[in-house]
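Notes for the one structure printed next.
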Amino acid sequence: MSVIKDPDIAEQITFYDRWNESHRTGLLSDISKEIRVRGLRVLEHIRASGLQQPKILEVGCGTGWLTEALCNLGPVTAIDLSPRAIEIAQARGINAELIAGDFYQHEFQKQAYDAGVCIETLFYVSDQPAFLRKFASLMKPGAIVGFSTINKFIYERSSDIGAPEEGQVRHWLSKNETRKLLEPYFDILLIETLEPRGDSGILRLTSSFKLNKLLKMFFSDQQIKRAKEKAGLGGGVVIMCRRNNIR
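Quick look at the structure:
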């Protein structure tokens, strides 16, 4: 059985520069509702943590749609692989240290950050254990860290999701797989799924018009949505953690 090799960094940069040029201006309106909900939920949890002017590291910041809001909490260092994404963020005058570069190769100060944010990035990484090992090494003990990612079970059963494009890495993770990757470095505070989706396999039942019409006779749309999210049927996953002292 042959193993499909991931695109190299140069190919990934070409893909993301092209994609950001055609899809992003840096405004919140560019971002799909699902991604906005996940990112803003992470922001909400960090704000609620009570950290005062935390020094924040954002990895995979894109064009800075969330970076701008993070700057209201404390000083932010934000990095993205795509130079074009960072150019767009800089053009908007975001008051953060914005870095275009490979997170693996860039030198950061160890244990320098009070909070970390990684939105919609982990499943686009080739070596996820190495990525998280470095990410964790940059956090102070006790730092609050928020991840958002997709729910592998749901996305594998969503007919509107196409194959990876040329130059794009894609390694979806289940909730349990993500938890196992994080637990050596972080204490898990919360895992929740958000924004139900999916229409294939067993999800044909949960998304069916007839079932949802019946449920609406007894429950509000919001109650139905929250029940699905609590059942793990959200298309996205938000994970809040605290950096441990073990490794």
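Number 56 in numbering that gives the first Met the number 0 belongs to position 57 of the sequence shown; there are no gaps in the numbering.
Positions of the beta carbon are idealized from the N, C-alpha and C atoms, including for glycine.
Per the contact definition of three or more C-beta pairs closer than 8 Å, is the stretch 162-180 in contact with the stretch 81-92? no
What separation, rounded to the nearest whole angstrom, lies between the Cα atoms of Met0 and Leu72? In this prediction, Met0 scores a pLDDT of 43, lower than 50, which makes its location untrustworthy; no coordinate-derived value is stated.
Measuring straight from C-alpha to C-alpha, what distance separates Gly227 and Glu176? The displayed chain sequence assigns Lys, not Gly, to residue 227. Distance between the alpha carbons of Lys227 and Glu176: 21 Å.
If we ignore side chains and look at the alpha-carbon of each, how far apart do Gly49 and Tyr184 end up? 22 Å
Length of the line joining the Cα atoms of Phe152 and Ile190: 15 Å
Return the CA-CA distance between Glu182 and Thr120, expressed in angstroms with no decimal places. 18 Å
So, helix, strand or coil for Arg17, using DSSP? helix
Based on the DSSP output, what are the partners of Leu56 in its beta bridges? Thr76 and Gly115
Residue ranges of each alpha helix (DSSP H) run of no fewer than 4 residues wholly in the stretch 62-107, ordered along the chain? 66-69 and 82-90
So Leu202 and Ile118 are supposed to be a Cβ contact under 8 Å. How far apart are they, rounded? Not confirmed; about 24 Å, so no contact.
Nearest candidate by alpha-carbon position, reference Arg83, set Ala68, Ile45, Glu96 and Arg17: Arg17
Under a Cβ-count criterion, where at least 16 other Cβ atoms within 10 Å of its own Cβ denotes burial, should Gln11 be classed as buried or exposed? buried
If I measure Cβ to Cβ from Ile87 and keep anything under 8 Å in the same chain, skipping five residues before and after, which residues do I get? Asn19, Arg23, Thr24, Gly25, Thr62 and Gly63
Compute the Euclidean distance between the alpha carbons of Gln108 and Gly115, then round it to the nearest angstrom. 14 Å
Endpoints, beta strand (DSSP E) assigned at Ser147: Met138 to Ile149
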